[in-house]
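Here is the structure we will look at, set down as structure tokens.
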Amino acid sequence: MMRPSEDADLALHAGEVGRERCVAPARAGPARRAVLPGRRSATPPEHRRACVPPLFDYADVFASQALLPKTYSFVGRDGSLLALRPDFTSLLAKIAAGRLAGRPAPMRLYYSGEVLRYEPPRAGRQSELFQMGLEHLGGDPRAADAEVLAIAAECLDVLGVRGFVLALGHVGVFGGLLAGTALDPATLERLRERVEAKDAAGVRDALPSGAVPAPVADALVRLTTLSGDPAILAEAERALASCPQAQAALAELAKVAETLQLAGLGRGLTVDLSEVRGLDYYTGLVFRAYAPDLGFEVGGGGRYDTLLARFGRPMPAVGFMLGLDRLALLLDRQGVRPEPPPRPAEVVSGSGLGPGLQRAREKRAAGIRVRFEERS
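Take any residue in the sequence shown, note its place counting from 1, add 351, and you have its number in the numbering used here.
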């Protein structure tokens, strides 16, 4: 079933389980509504093909083991295990492989709406998170990576975020160093957490004795310090010279960084090789968006070239999301105020219901905000 959407020219019913729904800005709180107008203008018209996924689907649709402890799941009436969506990416991959199977690549799918995750309560870490994002499916990977990063930067610019930074990483660096090792999944996850936390001692503690060669252990510890402007990549190449897979990942990252610098985005660009992202479907470039005045990221994304194959349509893909609640909090802390509210509605009244409603209709047709009140 297809119908017009407020934010785009196409809305899709996304699955057999969830029901179609329209993302209505009126449902968002005041802080969210302050951000919404900017995110519309930040997304160019060619990217406004909106996809409206269901609020819940079969639990096995959601691919990331990292999200499993945060996922709200329940049993449906037919005994199926269902889950409230903890993120959008897996759902959009399912849509691209199913409902959009006949559409040629590349595709750019835009979305906005809530995701639900269990989060310990603290500022910016609500269980209901309102997100917007863009997924670029198919096409040349290098061009798509640069395009998605450029659009993410443009969104933050349009919203008025000051001093934002895009921190780039590549999961192939971490994965390349550990290729061929026999570490179990739990150990890999602990190691990933310690690398992301830039905890050098924790990285060594997470490695079982003798589990990896000493040069690999040293290189993993080195990842916790390899961050800075893109020039840090030259140092990283020297530090990881013994690992061809890590070298290939660094070369990909260098090309993306060079393209963004040529596009005028070098000022807010950093490289952080401890950025390995917790979602396990990422396969290449990963990034997070940060800004002063907030102690956590306001968005992020990355490349996930194997995810669509799970749904029967192998295709390279990359995307990003921005958290609107976090952006609202950030903009408030930076003193960026929303656009002034529209002028008060003109009151139209009349002793007769029909003539009064007619006058109200005429004024609305002329672009005047009105509120009808019947006079008794």
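The C-beta atom is built at its ideal place from N, Cα and C for all residues, glycine as well.
Since we're looking at a predicted model, the values are computed, not measured.
* What separation, rounded to the nearest whole angstrom, lies between the Cα atoms of PRO420 and MET483? -> Rounded to whole angstroms, PRO420 to MET483 spans 23 Å at the Cα level.
* Give me the Cα-Cα distance between LEU636 and PHE425, rounded to the nearest whole angstrom. => Near 33 Å, if we compare the C-alpha coordinates of PHE425 and LEU636.
* In three-state terms, what does DSSP make of VAL448? -> Residue 448 is actually Ala in this sequence, not Val. ALA448: helix per DSSP, three-state reduction.
* Enumerated in chain order, which unbroken segments of the beta strand (DSSP E) with a length of 3 residues or greater are wholly contained in the segment 468-538? -> 479-488 and 516-521
* Asked: DSSP three-state call for VAL412: helix, strand or coil?
  -> helix
* **Given LEU510 as reference, the closest of GLN685, GLU697, PRO404 and PRO706 once Cα atoms are compared** => GLN685
* Quick check: the segment 498-516 against the segment 633-652, are there 3 or more CB pairs under 8 Å? -> yes
* Contiguous alpha helix (DSSP H) assignments of at least 4 residues, all confined to the segment 546-610 -> 551-557, 565-574 and 583-590
* Residue range of the beta strand (DSSP E) that ALA642 falls in? -> Looking at the DSSP string, ALA642 is not in any beta strand (DSSP E), and its letter there is neither H nor E.
* Spatial neighbours of VAL499 within its chain, please: CB distance less than 6 Å, with the 5 preceding and 5 following residues excluded, ordered by chain position. => HIS487, VAL669 and PHE671
* **Residue of PHE723, LEU519 and MET458 minimising C-alpha distance to GLU609** => Ranking the options by Cα distance to GLU609, first place goes to LEU519.
* To do: Between the Cα of ALA660 and those of PRO404, ARG400, VAL412 and PRO405, spot the shortest distance and give me the residue it belongs to.
  => Among PRO404, ARG400, VAL412 and PRO405, the Cα nearest to that of ALA660 belongs to VAL412.
* Asked: Could you give the residue range of the beta strand (DSSP E) that holds GLY707?
  -> Taken as a continuous stretch (DSSP letters only), GLY707 belongs to no beta strand (DSSP E), being part of the alpha helix (DSSP H) at 704-716.
* **Beta-bridge partners of MET672, as assigned by DSSP** => The partner list for MET672 (beta bridge, DSSP) reads GLY484 and GLY651.
* Since VAL426 is in the beta strand (DSSP E), which residue starts that stretch and which ends it? -> 424-426
* Asked: So who's on the other strand from ARG618, going by DSSP bridges?
  -> For ARG618, which the question treats as bridged, DSSP gives no partner whatsoever.
* **Residue(s) in a DSSP beta bridge with MET666** => Note: MET666 sits in no beta bridge, so no partner.
* To do: Note down, in chain order, each residue of its chain lying with its Cβ closer than 6 Å to the Cβ of LEU492, except the 5 sequence neighbours on either side.
  => Contrary to the premise, residue 492 reads as Pro rather than Leu in this sequence. The answer, listed in chain order, is PRO667.
* Asked: Got a sec, what are the start and stop residues for the beta strand (DSSP E) ALA434 sits in?
  -> 432-435
* Asked: Does the beta-carbon of GLU470 have 16 or more other beta-carbons within 10 angstroms, so that it is buried, or is it exposed?
  -> By the beta-carbon neighbour count (other beta carbons within 10 angstroms, threshold 16), GLU470 is exposed.
* Asked: Between PRO566 and the rest of its own chain, which residues show a CB-CB distance below 7 Å, the 5 nearest in sequence each way excluded?
  -> SER593
* Where LEU418 falls: helix, strand or coil (DSSP) -> helix
* Asked: Per DSSP, ARG722 forms a beta bridge with which residues?
  -> VAL698
* To do: State the DSSP-derived secondary structure class of LEU658, mapped to helix, strand or coil.
  => coil
* Skipping 5 residues on each side, what residues in its chain have a beta carbon closer than 7 Å to that of GLU713? -> none
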